[in-house]
Amino acid sequence: MIYISAAGMINALGNDTDEIAANLTHGFAPGMRPRTGWLQGHPHAVLAGVDGELPAIPDNFSAHRSRNNQLLLVALRQIQPQVDEAIVRYGRDRVAVVLGTSTSGLNEGDIHVNLTLNGIESTAWQYPQQELGDPSRFLSHWLALDGPAFTLSTACSSSARAIISGRRLIESGLADVAIVGGADTLSRMPINGFHSLESLSPTRCLPFARDRSGITIGEGAALMLLTREPQPIVLLGVGESSDAYHISAPHPEGVGAVRAIQQALDDAGITPEQVGYINLHGTATPLNDQIESNVVNALFGERVPCSSTKHLTGHTLGAAGITEAALSMLILQRDLPLPAQDFSLSPRDPVLPRCGIIERPQPPGHPVILSNSFAFGGNNTSILLGRLP
1 MIYISAAGMI NALGNDTDEI AANLTHGFAP GMRPRTGWLQ GHPHAVLAGV
51 DGELPAIPDN FSAHRSRNNQ LLLVALRQIQ PQVDEAIVRY GRDRVAVVLG
101 TSTSGLNEGD IHVNLTLNGI ESTAWQYPQQ ELGDPSRFLS HWLALDGPAF
151 TLSTACSSSA RAIISGRRLI ESGLADVAIV GGADTLSRMP INGFHSLESL
201 SPTRCLPFAR DRSGITIGEG AALMLLTREP QPIVLLGVGE SSDAYHISAP
251 HPEGVGAVRA IQQALDDAGI TPEQVGYINL HGTATPLNDQ IESNVVNALF
301 GERVPCSSTK HLTGHTLGAA GITEAALSML ILQRDLPLPA QDFSLSPRDP
351 VLPRCGIIER PQPPGHPVIL SNSFAFGGNN TSILLGRLP
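303 is the number that the UniProt record's numbering gives to position 303 of the sequence shown; each next residue is one higher, with no gaps.
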């Protein structure tokens, strides 16, 4: 059995777990608002950003100087005592780092290109800043670790797959503990890319609502420490699939999503009736919410309370899986109310198959949470977390 000993995060809900827990309870996301300078041809775009000063990356780590890595440092500081204890106990070669991202330092590269095109010399930029492998390389070097370290990039299931890979490293004997997670940063390329796909919402995103029209892009980071040592929060089961149906559209019958959820249930040895809450992928695109509603209705009916939290965090892309797993852990740890789906801007879509979407916060039931991440390219993951008595 693999346990989670600590979690740290930063996103539009707040800059640490205490602030995030408080704002999650009240359905308030201070970082969700119109922001200028990101969407070409438009004065602003509604984005879920992180506000406040981030820790500086010193000169001896200048090749890793990116906002992505600054966000990771914020998350790391929240679990630093547990990480330090693990290093002392197991040794630097027995601590793994597995992270997920889809942008890495892409924004730094974009800034460099624009400066160069305008004849301005840019001396701060170094190519490793935007390499996909940089987040795990940076964190491993920062902590002076010698264990396995790698980055995964499977779109918005990247950091959920990092959780699965971290568990696999421990179970295979290649590591004793694993720092798993991910980070993604606001960047013009994905923002304008989703806009070109007509998948960027002009307002705060509206998962499962009648007038939903696309995602709200967010930024953030989250880290968890996985261990064999018994803890109150346990990684009960995982599931993953790759249906490869389409580069950006989900399978019309949701076969990959069904397979991932069923794998997680089988891995945990539990039935659908034993799940107390589902954190839905819920991107607020018309097709995603339709397919996920079909899948959840087929497997769970209307029995299990569920909602998407992306109207509060935005879609943090490669960091979405770990962000929502960490929110699920907070709910279990602190016995928080289950977050409601917000239909204040648009009513619930009556055409979607019925599932247990909750419209007001409610007390948690059975302490088992399923967190779904269904990404572009059919990269699907489901994570089951539980709280021990």
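For glycine and all other residues, C-beta sits at the position ideal for the given N, C-alpha and C.
Once DSSP output is grouped into helix, strand and coil, what is the label at residue 164?
DSSP, reduced to helix, strand and coil, places residue 164 within a helical segment of the structure shown.
Rounded straight-line distance, which links the Cα of residue 149 to that of residue 229
The C-alpha of residue 229 lies about 21 Å from the C-alpha of residue 149.
Identify, in the order they occur along the chain, each residue of the same chain with its Cβ nearer than 7 Å to the Cβ of residue 79, setting aside the five sequence neighbours on each side.
Result list for residue 79: 6, 7, 8, 223, 225, in chain order.
State the DSSP-derived secondary structure class of residue 90, mapped to helix, strand or coil.
Here DSSP, grouped into helix, strand and coil, assigns residue 90 to helix.
Looking at the structure shown, is residue 311 part of a helix, part of a strand, or coil, going by DSSP?
Secondary structure of residue 311 (DSSP, three-state): helix.
Can you check the segment 129-193 for any beta strand (DSSP E) of at least 3 residues that lies completely inside it and give the ranges in chain order?
Secondary structure remark: continuous beta strand (DSSP E) runs of at least 3 residues inside the segment 129-193, in chain order: 149-152, 177-184.
Other residues of its chain near residue 82: CB distance less than 6 Å, five sequence neighbours each side excluded:
For residue 82, where only same-chain residues beyond five positions count, the Cβ hits under 6 Å are 5, 6, 225.
Smallest Cα separation from residue 304: which of 321, 276, 282, 298?
Measuring C-alpha to C-alpha distances from residue 304 to each of 321, 276, 282, 298 identifies 276 as the nearest.
Would you call the CB atoms of residue 166 and residue 183 closer than 8 Å?
No; because the gap between Cβ atoms is not below 8 Å, this pair is not in contact.
Nearest CA to the CA of residue 129: which residue from 61, 88, 373?
The candidate whose alpha carbon is nearest that of residue 129 is 61.
From the DSSP secondary-structure annotation, give me the bridge partner or partners of residue 241.
When DSSP reads this structure, residue 241 sits in a beta bridge with 380.
Where do the ends of the beta strand (DSSP E) carrying residue 374 lie?
Residue 374 -> beta strand (DSSP E) spans 368-375.
Which value, in whole angstroms, describes the spacing of the CA atoms of residue 331 and residue 114?
If you take the alpha carbons of residue 331 and residue 114, they lie about 43 Å apart.
Excluding the 5 residues flanking residue 74 on each side, which residues of the same chain have their C-beta closer than 7 Å to its C-beta?
Excluding residues within five positions, the ones whose Cβ falls inside 7 Å are 10, 15, 54, 55, 221.
Which parts of the segment 30-110 are runs of the beta strand (DSSP E), unbroken and 3 residues or longer, counting only runs that do not cross its ends?
With a minimum length of 3 residues, the continuous beta strand (DSSP E) runs that stay inside the segment 30-110 are 32-35, 45-48, 95-100.
Looking at residue 136: is its Cβ nearer than 8 Å to the Cβ of residue 151?
Going by C-beta atoms, residue 136 is nearer than 8 Å to residue 151.
For residue 378, which residues from the same chain have a beta carbon less than 8 Å from its beta carbon, with the 5 sequence-adjacent residues on both sides left out?
241, 242, 243, 244, 245, 246, 250, 251, 256, listed in sequence order.
Where residue 328 falls, given that 16 or more other Cβ within 10 Å makes a residue buried
Of the residues assessed, residue 328 falls on the buried side of the cut-off, its CB having 16 or more other CB atoms within 10 angstroms.
Range of the contiguous alpha helix (DSSP H) that encloses residue 118
No residue range can be given for residue 118, since it is assigned to no alpha helix (DSSP H) and is classified by DSSP as neither H nor E.
Within this structure, are the beta carbons of residue 46 and residue 204 separated by less than 8 Å?
Yes.
Would you decide whether residue 307 is buried or exposed? Buried here means 16 or more other CB atoms lie within 10 Å of its CB.
Buried, by the Cβ-count rule.
Have a look at 21, 92, 1 and flag the residue whose alpha-carbon is nearest the alpha-carbon of residue 333.
The shortest CA-to-CA distance from residue 333 to any of 21, 92, 1 is the one to 21.
Which same chain residues end up closer than 7 Å to residue 282 when comparing Cβ atoms and leaving out the 5 residues on each side of it in sequence?
Correct list, in chain order: 207, 208, 289, 292, 308, 310.
Under 8 Å, with one C-beta from each stretch per pair, do the segment 99-110 and the segment 180-197 reach the 3-pair mark?
Counting C-beta pairs closer than 8 Å gives three or more between the segment 99-110 and the segment 180-197, which meets the contact rule.
Quick one: grab the DSSP three-state call for residue 287.
Helix, per DSSP.
Look at residue 24 and residue 339 and say whether their C-beta atoms are less than 8 Å apart.
In this structure, residue 24 places its C-beta atom within 8 Å of the C-beta atom of residue 339.
Between residue 451 and residue 160, what straight-line distance do the alpha-carbon atoms span, to the nearest angstrom?
Given a span of 1 to 389 for the chain in the structure shown, any question on residue 451 remains unanswerable.
Inspect the beta-carbon positions of residue 31 and residue 158 and report whether they are closer than 8 Å.
In this structure, residue 31 sits away from residue 158, with a CB-CB distance that is not shorter than 8 Å.
From residue 297 to residue 342, what distance separates their C-alpha atoms?
Rounded to whole angstroms, residue 297 to residue 342 spans 20 Å at the Cα level.
Let's see if you can read the secondary structure: which residues bound the beta strand (DSSP E) around residue 279?
Per DSSP, the continuous beta strand (DSSP E) segment holding residue 279 begins and ends at 277-279.
Quick check: is the beta carbon of residue 268 nearer than 8 Å to any beta carbon in chain B?
Of the protein chains in this structure there is only one, and it is not chain B.
Do the segment 253-267 and the segment 364-376 meet, that is, are 3 or more Cβ pairs less than 8 Å apart?
Three or more beta-carbon pairs separated by less than 8 Å link the segment 253-267 to the segment 364-376, which places the two stretches in contact.
Using a threshold of 8 Å, state whether the C-beta atoms of residue 218 and residue 116 are closer than that.
Cβ atoms of residue 218 and residue 116: not closer than 8 Å.
Give me, in chain order, the residues of the same chain whose beta-carbon lies closer than 7 Å to that of residue 302; leave out the 5 immediate sequence neighbours on both sides.
Taking residue 302 as the centre and dropping the five residues before and after it, the same chain places the C-beta of 354, 355, 356 closer than 7 Å to its C-beta, in chain order.
Given this structure, state the Cα-to-Cα distance separating residue 212 from residue 273, to the nearest angstrom.
Per the coordinates, the alpha-carbon of residue 212 lies some 29 Å from the alpha-carbon of residue 273.
What would DSSP say about residue 226, mapped onto helix, strand or coil?
If DSSP states are grouped into helix, strand and coil, residue 226 belongs with the strands.
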